[in-house]
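Peer 1: In this note's numbering, the protein residues as written are 24 to 255. Could you have a look at this structure, given as C-alpha cells, before my questions?
And the structure:
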C-alpha cells in the first residue's frame with residue numbers, strides 16, 4: 024500500500040514535501056554564512072578524485088563567494104579525465120552551468136548542466152559527445168555526480184530559489200584539488216605522454232587557483248580550439 028501511495032505522488036507534490044521539510048535547513052545554511060536568502064549566485068565545485076563537491080554563494084552587495092558546505096560525492100563513475108563520448112562513463116571536467124531542474128528524477132531530485140558546452144563540442148566526439156549530465160540524489164551513478172538525497176535537497180532548493188530570483192548557478196568540475204597530493208600524483212602519471220590532457224588540466228588548474236586566491240568567480244572563455252582561457 025505504501026508503495027502505491029508513493030507512486031501516486033506527482034513530482035510537484037514531492038518537491039513541495041521536500042520544501043516543507045528542508046526549506047528551513049536551506050535558509051539556515053545560507054544565513055549562517057552571513058548572506059541574505061536567496062543568495063545572488065551559486066558556485067558548485069566538484070573534485071572527482073577527492074570525492075567532494077563544494078557549495079559556494081555570493082550576496083547582492085559583494086562579488087566574493089562564501090563557502091556554505093562540502094558534500095561527499097558518494098559514488099564514482101569512470102576515472103580522472105574529461106568526458107569525450109557517449110557511453111565512456113566519464114564525469115565531465117570543465118566549466119558549466121545548471122540549466123535544468125528535474126523534480127521527477129529517478130535519483131530523487133536532479134540538476135542538469137550544459138554538457139556538452141563550447142569546449143566539449145570541439146574536443147569531444149562530433150557525433151556522440153554524450154549528454155544528460157546531472158548532479159543528483161542517491162548513491163549510484165553512470166557518469167553523473169551523486170551527493171545523496173539529503174545533500175541534493177539542500178542544493179536543489181537553494182538553486183531553485185536562486186534561479187527564481189534571476190540568479191545563475193555555475194558548476195566547475197575538476198579532476199582533483201590542486202592541493203591533493205595522492206590525486207595529483209595520479210594526474211601526473213596519466214598526463215605523461217599525453218600533451219593534450221596535460222594542457223587541458225593545466226588550463227583547469229589556473230581557473231581553480233584563480234578562485235582559490237580571492238573567492239571571486241573568474242571570467243572564463245573558450246577559444247576555437249576548445250581551450251579554456253582565463254580572463255583578467
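Beta carbons: idealized from backbone N, C-alpha and C, even for Gly.
Closer than 8 Å is the cut-off here; do at least three beta carbon pairs connect the region 61–75 with the region 198–209?
Peer 2: Touching, per the Cβ criterion.
Peer 1: Can you tell me which of the three DSSP states residue 218 falls into?
Peer 2: Residue 218 falls in the helix class under three-state DSSP.
Peer 1: Assign residue 123 to one of two classes, buried (16 or more other C-beta atoms within 10 Å of its C-beta) or exposed (fewer than that).
Peer 2: Under this definition residue 123 is an exposed residue.
Peer 1: According to DSSP, is residue 75 part of a helix, a strand, or is it coil?
Peer 2: The answer is strand: DSSP assigns residue 75 an E or B state.
Peer 1: Within its chain, find whatever has a CB closer than 6 Å to the CB of residue 40; leave out the 5 residues flanking it on each side and keep chain order.
Peer 2: Within the same chain, residue 40 has no close Cβ partners at all.
Peer 1: Entirely within the region 171–216 and at least 3 residues each: give me those beta strand (DSSP E) ranges in chain order.
Peer 2: Segments of the beta strand (DSSP E) lying fully in the region 171–216: 192–197.
Peer 1: Please classify residue 32: is it buried, with 16 or more other beta-carbons within 10 angstroms of its beta-carbon, or exposed?
Peer 2: Exposed is the call here.
Peer 1: Do you know offhand how far residue 104's Cα is from residue 220's?
Peer 2: In a straight line, the C-alpha of residue 104 is about 8 Å away from that of residue 220.
Peer 1: Using CA coordinates, which residue listed in 132, 186 and 142 is at the minimum distance from residue 162?
Peer 2: Cα-wise, what sits closest to residue 162 is 132.
Peer 1: Taking all protein chains shown into account, decide if residue 211 is buried (16 or more other Cβ within 10 angstroms of its Cβ) or exposed.
Peer 2: Burial call: exposed.
Peer 1: Express the C-alpha separation of residue 144 and residue 172 in angstroms, rounding to a whole number.
Peer 2: Approximately 31 Å, taken between the alpha carbons.
Peer 1: Going by C-alpha distance, which of 84, 88 and 83 is nearest residue 77?
Peer 2: Ranking 84, 88 and 83 by Cα distance to residue 77 puts 88 first.
Peer 1: Given a cut-off of 8 Å on the beta-carbon distance, is the pair residue 80 and residue 65 in contact?
Peer 2: Against a cut-off of 8 Å, the Cβ pair of residue 65 and residue 80 comes out as a contact.
Peer 1: Going along the chain, which residues of its own chain have a beta-carbon closer than 7 Å to the beta-carbon of residue 207, five neighbours each way excluded?
Peer 2: If we look at residue 207 and ignore the five residues flanking it on each side, its Cβ neighbours are 199.
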